[in-house]
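Trainee: Please see the structure below; I have some questions.
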Amino acid sequence: MATKAGRIKLERAHRSLAPRQDPNKYPRSVLLRLHTFRDKQKVMEAARRASQDGALTHNGSSDFSPVVMRKRKAYDAAKQRLREREIPYAMLFPATLQVSHGGSKKRFSSPELLRDFLDSLSG
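Position 92 (the sequence shown) corresponds to 92 in full-length UniProt numbering; numbering is contiguous.
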């Protein structure tokens, strides 16, 4: 990948502080702090291309504040229920979950609204 100086300047890289889970599950996240925004964009684009080619499993996200991360994390239980039912969804910025169901897309601005929707599908 071409860069200004021929290389990417990495300020810091480390695994997340999350506890290590079962080895058969996903690995812990790796956090990168790149020196320039352009370098970050190039790394994210290269990872997307590699994941599309099947060469890399990539689930990248970037630059979320702790407040946004907490809001997104609040959807975890509901997202698990969606996966169990094989209902497609997408997390939109900052913390809105979009669900594809019955030929339409519904957006939920809170985990509680999403839980109510999932409960209505059950009953």
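We put the beta carbon where it would ideally sit given N, CA and C, even for glycine. Please read all numbers here as calculations on a predicted model, not as lab measurements.
Quick check: M91 and L97, are their CB atoms within less than 8 Å of each other?
Mentor: The residue given as residue 91 occupies position 91 in the sequence shown. The residue given as residue 97 occupies position 97 in the sequence shown. Closer than 8 Å, so yes.
Trainee: Name the two residues that bound the continuous alpha helix (DSSP H) containing R85.
Mentor: As a first step, residue 85 is located in the sequence shown; it is residue number 85 there, counting from the start. Membership of R85 in any alpha helix (DSSP H) is not indicated, and neither H nor E is assigned to it by DSSP.
Trainee: Is it buried or exposed, L121, if we count other Cβ atoms within 10 angstroms and call 16 or more buried?
Mentor: The residue given as residue 121 occupies position 121 in the sequence shown. Under this definition L121 is an exposed residue.
Trainee: So L10 packs on L32, CB below 8 Å; how close in whole Å?
Mentor: Taking the first residue of the sequence shown as 1, we reach residue 10 at position 10. Taking the first residue of the sequence shown as 1, we reach residue 32 at position 32. That pair is a contact at about 7 Å.
Trainee: Could you tell me the boundaries of the alpha helix (DSSP H) in which S120 lies?
Mentor: Indexing the sequence shown from 1 puts residue 120 at position 120. Note, S120: alpha helix (DSSP H), P111 to S122.
Trainee: Could you spell out where the alpha helix (DSSP H) holding A46 opens and where it closes?
Mentor: To locate residue 46, count along the sequence shown from 1; it is residue 46. Where A46 is concerned, the enclosing alpha helix (DSSP H) stretches over F37 to Q52.
Trainee: Start and end of the alpha helix (DSSP H) containing R70?
Mentor: Taking the first residue of the sequence shown as position 1, residue 70 is located at position 70. Here the alpha helix (DSSP H) through R70 covers P66 to K73.
Trainee: Please name the residue, chosen from L34, S51, Q52 and R15, that lies closest to R7 on a Cα-to-Cα basis.
Mentor: Locating residue 7 in the sequence shown gives position 7, where the first residue counts as 1. Of L34, S51, Q52 and R15, the residue nearest in Cα terms is L34.
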